[in-house]
Amino acid sequence: MANIEPAIFDELKNVLSSFGEKYFIGEELNRPKLTDDLRNYDEALLNKMFEMDFIKEHFIKKAAGQTIFQIEQFEEAVLYNSYWDTSYTKYENRVGLSSGGKFLQDSQDVVLDFPFKDCVLTASMTKEDNDDGYDEAFLNEVIEKDEIDRLFDKKIFVNTERFDNSKITQSSEAKDNRIVSFDKEKDNLIIKGNNLLALHTLKENYKDQVKLIYIDPPYNTGKDSFLYNDKFSRSTWLTFMKNRLETARELLSDDGSIFISIDDKQYAYLRVLCDNIFGESNHLETFHFQVRYTNKSLNERDNFQPVIEYCLAYAKDKNNFKPNKPTVAYDTTKFNLDIKELKSPDKTIEVNGRKVDIFLPSSYEIKKVSDEETNSLSYFKETWVTGSIYSGTGHGQMYQKVVEPRLNEDGYGVLYKIDGLGEDGLGYRYMTGPKKIGAAKGKMYNKIPTAKLEGIKSGTYYKEVPIVNYYDFSPQVGNIRHEGGTAFNSGKKPEKMLKMIIDMATNENDLVLDFHLGSGSTAAAAMKLHRRFIGIEQMDYIKNLVVKRLNNVINGDKTGISSDVNWQGGGSFVYAELFPKNMEYLQDIINANEIEELKLVYERMIQGTADISFRADLNKIDWDEGFDENKRLLVKLLDKNGLYYNYSEIDDANVRDMISDKDYTFNKYFYAKGE
38 MANIEPAIFD ELKNVLSSFG EKYFIGEELN RPKLTDDLRN YDEALLNKMF
88 EMDFIKEHFI KKAAGQTIFQ IEQFEEAVLY NSYWDTSYTK YENRVGLSSG
138 GKFLQDSQDV VLDFPFKDCV LTASMTKEDN DDGYDEAFLN EVIEKDEIDR
188 LFDKKIFVNT ERFDNSKITQ SSEAKDNRIV SFDKEKDNLI IKGNNLLALH
238 TLKENYKDQV KLIYIDPPYN TGKDSFLYND KFSRSTWLTF MKNRLETARE
288 LLSDDGSIFI SIDDKQYAYL RVLCDNIFGE SNHLETFHFQ VRYTNKSLNE
338 RDNFQPVIEY CLAYAKDKNN FKPNKPTVAY DTTKFNLDIK ELKSPDKTIE
388 VNGRKVDIFL PSSYEIKKVS DEETNSLSYF KETWVTGSIY SGTGHGQMYQ
438 KVVEPRLNED GYGVLYKIDG LGEDGLGYRY MTGPKKIGAA KGKMYNKIPT
488 AKLEGIKSGT YYKEVPIVNY YDFSPQVGNI RHEGGTAFNS GKKPEKMLKM
538 IIDMATNEND LVLDFHLGSG STAAAAMKLH RRFIGIEQMD YIKNLVVKRL
588 NNVINGDKTG ISSDVNWQGG GSFVYAELFP KNMEYLQDII NANEIEELKL
638 VYERMIQGTA DISFRADLNK IDWDEGFDEN KRLLVKLLDK NGLYYNYSEI
688 DDANVRDMIS DKDYTFNKYF YAKGE
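In terms of my numbering, the sequence shown opens at residue 38 and continues consecutively.
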């Protein structure tokens, strides 16, 4: 559709033309330049803008005797309006993801998702949805910032329950009074409720406390493999992820990290989004996990067989992140050279205050010893002085100062004994220059460092090695149905994969969070590895899957990583639900199968406790519009700020009557440490 310029354009262009070509590219307005000067409060520009009646009427406000130009609102209404679409970028010096003509990182929209299996048309269709012929998907709603007031307030918990194997007990006073007490320093927590709102609920207690976040979010593929549809429009999916990742980042400790599983279709977009949220410099690694056998095709008609999924890893602050790297036994077999000085040095010089003895080829001998002789741990290892050793170490710098400048004078194959170097207790380091004409590389020689020698002799010293970025989990994924003792065969992540991540990024008693908990693999692995955990899931299957699985773990589950870690059972967790308000109406609307059921829900909404959008006129609902349209409309009518009861309402008489004493006390423990 052709763009139509509003009348304001003519007036605006006329005013800006007084600046010559400053705000124009040809006949089109130079929006980046105009935006920058507005945000920099360019006095000449503002004076001209204030002359416009349209600006004075709609974007100039008086407050406390002051005149305010609502620049952001002007940009939103005019500069970012879809009528303004041209071939020029919004900001010439920025590259990033965009949605609705705005950079995603500038967006303050919020996407609430209600991923029930029998979902309806999206509650709020975007332009992208309409253009793409978008039909069934997650039931989601894009909420603008000015519609949000109480949405992110902390919520009331209900249906609280502690699960353990009776060997783990809470205080006798709490147990006698049937109270589910809570200690955030010790207790594990499973929450049923919308994950975005649950994350905000956790902020007061857990801000800067979480060591590791792992999530396996919906991949936005449209495949019904996770007991709900997982297809958004891309911009809505990215906003959905942005909302949650920004909040999750606040929960991470300064040395914390986040790992996100994703497939190849969304990886590139998610990588850019995460670079914006966590900082490109805090990207740790992109792991490649093989999840399918290469010789087992999903569909032989396909041209390609995807066998890899990705896992993006970011630190909150890379400078503080210290991973647990794998260790290997120190390899002593390369310490197999004996160096003998056959006579006195041919020459002695001083370089930078260090004594350097020079041995010509006839004055020394380097001989390889037998494998049996290396067991004495008293011989030398040779190392080429190249690459990072040459350019980034003190030994490399000394090689450049001593060995290289003397090649023309001393010749090839010369041995240099440089005092004051080395960590092997000798007090010197041997180096040799190139051996023959045409060669350019030299070597250095060292014995086993003294700090490591005793540990190596006793078998207690191990060397750290870098973490690889490829792992093959196809055998575990292929047998995933056996893990956890729960019927959730597709969409699970194997415990072995979670163990790799948890071992790398945490230590015992550290806190792990998964806010796309699914079948509970993260919580199960964390419990077996003696980490504390928080899991969030809003699907009704949480009781039949997650709670059941974790009870299996408590009772000594033998699947997954149990044999690897010698799991014998034990542990505990607290289960709690966000107290639903409008959420119950929402579920009833979604579960309705015919228009008469919708009418019954509608009557309950207007007669009961439902919070209705202030913009809604309930008398104008037209049942002749049909089932799907009215289903979507009823969802839209519900005020999303009231999906759950806020904690601030807990002492309201009507709300208090709906909460058991047990749950009331739990909330006091959780938010106010029981006071």
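A virtual CB, placed ideally from N, CA and C, is assigned to each residue, including glycine. Please read all numbers here as calculations on a predicted model, not as lab measurements.
Of the choices the options, whose alpha-carbon is the least far from that of residue i?
i, options, result
"K530", "R518, Q575 and K489", "R518"
"R669", "I626, R586, A690 and K454", "I626"
"T543", "G555, A562 and D661", "A562"
"E448", "C311, S399, K418 and I403", "The sequence given here places Gly at residue 448; Glu does not occur at that position. Answer by Cα proximity: S399."
"Q110", "G102, H95, T104 and L321", "H95"
"L282", "Y351, K223 and K221", "Y351"
"T411", "V328, K371, R569 and V514", "K371"
"I649", "W274, D676 and F341", "D676"
"L623", "L671, T702, T276 and M534", "L671"
"M564", "N581, L188, Y498 and I591", "I591"
"G606", "S600, D594, E614 and A613", "D594"
"N588", "Q575, S599 and G608", "G608"
By DSSP, does residue i sit in helix, in strand, or in coil?
i, result
"M89", "coil"
"A690", "helix"
"N678", "helix"
"K371", "coil"
"S407", "coil"
"K699", "helix"
"I193", "coil"
"S240", "For the sequence presented, residue 240 should be read as Lys rather than Ser. In the structure shown, K240 sits in a helix (DSSP, three-state: H, G or I)."
"E621", "helix"
"M468", "strand"
"E520", "coil"
"A477", "coil"
"I250", "strand"
"D201", "strand"
"D540", "helix"
Going by beta carbon distance, what residues of the same chain come within less than 6 Å of residue i, once the five residues before and after it are set aside?
i, result
"F616", "I193, V195, Y681 and Y682"
"A235", "I228 and I573"
"L53", "Y60"
"G597", "E520 and E532"
"K384", "I395"
"D224", "V611"
Which same chain residues, not among the five before or five after residue i, have their C-beta less than 7 Å away from its C-beta?
i, result
"I538", "Y251 and F296"
"E129", "Confidence in E129 is poor, its pLDDT being 39 and thus under 50, which makes the residue's placement unreliable; the coordinate value appears in the next sentence. Closer than 7 Å at the Cβ level, and outside the excluded window around E129, lie P69."
"K585", "T523"
"L463", "K484"
In chain order, what residues of the same chain lie with their CB nearer than 8 Å to the CB of residue i, ignoring the 5 residues before and after it?
i, result
"H567", "E545 and N546"
"D354", "D291, D292 and N319"
"M278", "P254, L307 and L310"
"I97", "F87, T104, I105, F106 and Q107"
What are the residues that DSSP puts in a beta bridge with residue i?
i, result
"R391", "V388"
"K98", "I105"
"N483", "K418"
"S55", "Answer is none; S55 lacks a bridge partner."
"E378", "Y401"
"A613", "I228"
"H325", "Y347 and Y507"
"D456", "Y465"
"G572", "I227 and D551"
Using 7 Å as the cut-off, classify the Cβ of residue i as near or not near the heavy atoms of the ligand COA, replying yes or no.
i, result
"M278", "Inclusion of the ligand COA in the displayed structure is not the case, the ligand content being empty and no account of it being possible."
What do you get for residue i, buried or exposed, if any count of 16 or more other CB atoms within 10 angstroms of its CB means buried?
i, result
"S218", "buried"
"W421", "exposed"
"R338", "exposed"
"K302", "exposed"
"A305", "exposed"
"G555", "buried"
"D461", "buried"
"P503", "exposed"
"T430", "exposed"
"N332", "exposed"
"P255", "buried"
"A174", "Any answer about A174 is weak, because its pLDDT of 36 lies below 50 and its placement is not dependable; what the coordinates show is given next. Flag for A174 reads buried."
"A629", "buried"
"K362", "exposed"
"K32", "Any question about residue 32 goes unanswered here, given that the chain covers just 38 to 712."
"V514", "buried"
"N678", "buried"
Nearest chain C C-beta to residue i closer than 8 Å, yes or no?
i, result
"E640", "Reference to chain C is not applicable here, since this structure consists of a single protein chain."
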